[in-house]
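The structure under discussion appears below in the form of structure tokens.
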Amino acid sequence: MLITTKALPLQLATEFWCEAIAYTSNGLPTHWLGSALSSTARIAIRWLRWRAGHISDQLDPPAAYPVRCWLADQAEHERALEVLVSGDL
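Each number in the numbering used here corresponds to the 1-based position in the sequence shown with 7 added.
Next comes the structure, spelled out in structure tokens:
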């Protein structure tokens with residue numbers, strides 16, 4: 008199972024729509040795991056980290072490993088923040 012999180016800038020606004028979605032490797036339907044509207048890019052990243060942490064706590068260790076690696080990667084969080092702020096998605 009692949010779990011993704013994303014935050015997209017809304018057109019003509021300074022808000023960000025965040026989603027956590029699980030994708031299966033066999034092409035079965037996706038699983039919606041949560042969403043939130045954030046007023047800033049930094050709050051969007053904070054929500055994604057918070058939600059990913061809750062999701063990884065519910066997974067078996069092998070499945071949680073990629074999520075936990077992302078949670079520990081501060082440089083990746085800063086890169087994601089820069090991309091959101093610049094709008095270069």
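The C-beta atom is built at its ideal place from N, Cα and C for all residues, glycine as well.
Worksheet item: In terms of residue numbering, what span does the beta strand (DSSP E) encompassing glycine 41 cover?
Response: 38–45
Worksheet item: Any chance the region 32–52 sits against the region 68–78, with 3 or more Cβ pairs inside 8 Å?
Response: no
Item to complete: With DSSP as the reference, label glutamate 22 as helix, strand or coil.
Response: coil
Item to complete: Could you check how far apart the C-beta atoms of arginine 56 and histidine 84 are, in whole angstroms? I think they sit under 8 Å.
Response: 7 Å
Worksheet item: Can you tell which of Ile52, Ala43 and Ala29 has its C-alpha closest to the C-alpha of leucine 66?
Response: Ala29
Fill in: Of the residues Asn33, Arg75 and Phe23, the one placed nearest tryptophan 54, counting alpha carbons only
Phe23
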